[in-house]
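Inspection log for the structure reproduced underneath, given as C-alpha cells.
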Amino acid sequence: MAKTAEIQAKPRQQLGTRANRRLRATGALPGVIYGHKQDVIPITLPAKEMTQHLERGTHLFNLNLDGRNETVLIKEVQYDHLGKELIHVDFARVDLTERVKVSVPLELKGESIGQKEGGVLQQIIGELEIECLVTEMPDVIRHDISDLPMDGEVRISDLKLPAGIRVLQDPSLIVCSVHAVREEEAEPAAEAAAAEPEVIGRKKEEEGEEAPADQKKAEAKK
Amino acid sequence: MPMMPKRVKFRKSQRGKIKGNATRGNYVAFGEYGLQTTKEGWITARQIEAGRVAVSHFLRREGRLFIRIFPHKPVSSKPLETRMGKGKGEPEFWVAVVKPGQVMFEITGVDEPTAKRALARVASKMPVPCRFVARRHAVA
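If you read the protein sequences in the order shown, they are chains A and B. For the first sequence, the numbering used here gives the first residue as 1063, with consecutive numbering after it. For the second sequence, the numbering used here gives the first residue as 451, with consecutive numbering after it.
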C-alpha cells in the first residue's frame, strides 16, 4: 500500500518564469495544488526532499501548508530537457475514500526459463495505468516471471493484481517477452553501400534522361 | 552497412540550424538503460554503425540494443581542388540531427554495470558529449 509522505510547503507569492528560476537557485521547488473545486494554490517545496520521495515512488503526500494539512496526489512532474533536474510538481487534492487514476511502476521479478536458456527479456510496459482507492494504491506492482519460457510473453490480462485495482489499459497488451538473440546479419555486398536512395516523384524514364546530365555536371565540376 | 533512407523526396538538403532541446525521444522507452546526448550535433551513419558494432562486440550474444536515431539528412560536399560555383556538391554521407536530451541508444537484458560499460564504448564513438540514463518510472 502507498505510504503517505509528510512534506512541508509554503505558499508562493511570486509567480512566473524568472521568479521560479530564482527560487530553484535557492534549492526550492515550485509546485501547485488544485482540485475539488477549491482555490489553486502555488506553493514552494524543498527540492532535495521531493526528489528523494519521487525516487522512492511516493504518490501520496500530506502537505503541511501554513499549519493546514492537505492530502494530495502527484498529478504531474516536470523535468528539465535532460530529465535530470526537477522543475515543477502538480498536486491534486484527494479524499481517502476517492477512486483515482494513477500510473504505477511494474517490476518483473525472478529469472525466466527463457533467460536461463540464453534468451533476452524485453519489458515493453514499465508502468501500469490503474484505477483504485487512494488507500489501496500500491507503490509498485511486481510480477513473477520465473515460469516464462523461451519465446513466451506476459500480457496485462496475465498479471495478478491486488483486489480493488482495475487496469485502464487494453488487457491484450504485451508486458514482456523473452526471445533468443538474433545472429548478426552478414555484411551485404559493397555495391549496395554505394547505392543512392530512390527519389520520390522522379519517374524512371526521366531518370534515364537525367542520369547522363548529372554525370556530365559532376565531370564538369572535377 | 551504414544506415540510409530507402526513398527520399529530395536528393540534397540545406545544412539547417539546430535550435532548442529534444522534446521527443528524450526518455528511455524501449530498453532499461540509454545513452543520451547533452549537446546538439550531427551523428553520421558510420558513427551510428561504429556504436552498434562496439556494443555487439562487447555484449557478444547478451542483451539487446535499440538505435533510436536514423540518418535522414544527406550531406553533400564538393570534390577536392574544385573551384567554387558550378552548383551544389554531390551527397557524400548521411547524418542524424540530434538535439540535447535525445536518447540515441538503449540497452536491455543486461545489468547496470555492464550496460554502463557497453554504452561508454558507444559514447567514445560519438561526436557529442553523452550521459548514461536509466528508465524512469512515472509517479503521476
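Just so it is clear, CB atoms sit at the ideal spot from N, CA and C, and this is done for glycine as well.
I'd like to know if residue i contacts chain B, where contact means its C-beta is closer than 8 Å to some C-beta of that chain.
i: L1223(A); result: no
i: I1262(A); result: yes
i: E1018(A); result: Beyond the ends of chain A as shown, which are 1063 and 1284, falls residue 1018(A); an answer cannot be given.
i: G1119(A); result: yes
i: P1200(A); result: no
Let me know the secondary structure DSSP gives residue i once reduced to three states.
i: G484(B); result: strand
i: Q1070(A); result: strand
i: L1195(A); result: strand
i: D1206(A); result: strand
i: V478(B); result: coil
i: H1241(A); result: strand
i: V503(B); result: helix
i: H1115(A); result: helix
i: V1139(A); result: strand
i: K566(B); result: helix
i: M572(B); result: A small fix is needed here, since residue 572(B) is Val in this sequence, not Met. Looking at V572(B) - three-state DSSP - the assignment turns out to be helix.
i: D1152(A); result: strand
i: K528(B); result: coil
i: E1253(A); result: No answer about E1253(A) holds up, because its pLDDT of 49 lies below 50 and its placement is not dependable.
i: Q1185(A); result: strand
i: A1225(A); result: coil
i: G1176(A); result: helix
Could you check which residue in the options has the C-alpha nearest to that of residue i?
i: H1143(A); options: R465(B), Y477(B), P455(B), S463(B); result: Y477(B)
i: M1212(A); options: K1178(A), L1085(A), L1168(A); result: K1178(A)
i: S1239(A); options: V1182(A), E1189(A), V1134(A); result: V1182(A)
i: F520(B); options: I468(B), R581(B), V505(B), G475(B); result: G475(B)
i: G551(B); options: C580(B), L569(B), K459(B), E562(B); result: C580(B)
i: D1220(A); options: P1233(A), E1191(A), G1180(A); result: P1233(A)
i: E512(B); options: G1188(A), Q1184(A), I1262(A), V1261(A); result: Q1184(A)
i: E482(B); options: R514(B), P541(B), T532(B), K575(B); result: R514(B)
i: G1188(A); options: L1235(A), T1197(A), R1074(A); result: L1235(A)
Indicate whether at least one CB of chain A lies closer than 8 Å to the CB of residue i.
i: H522(B); result: no
i: T488(B); result: yes
i: Y477(B); result: yes
i: H507(B); result: no
i: R585(B); result: yes
- request: Could you please tell me which residues of the region 1176-1192 of chain A, in chain order, have their CB closer than 9 Å to any CB of chain B?
  value: Q1177, G1180, G1181, V1182, L1183, Q1184, Q1185, I1186, G1188, E1189
query: the region 1129-1156 of chain A: which residues have C-beta closer than 7 Å to a C-beta of chain B, in chain order?
result: I1136, K1137, E1138, V1139, H1143, L1144, G1145
- prompt: What runs of the beta strand (DSSP E), each 3 residues or longer, lie entirely inside the region 1074-1136 of chain A?
  reply: 1090-1096, 1103-1108, 1122-1127
task: May I ask you to list, following chain order, the residues of the region 557-576 of chain B that have a beta carbon less than 7 Å from some beta carbon of chain A?
output: T558, G559
task: Could you name the residues of the region 455-469 of chain B whose beta carbon sits closer than 8 Å to any beta carbon of chain A, in the order they occur along the chain?
output: P455, K456, R457, V458, K459, F460, R461
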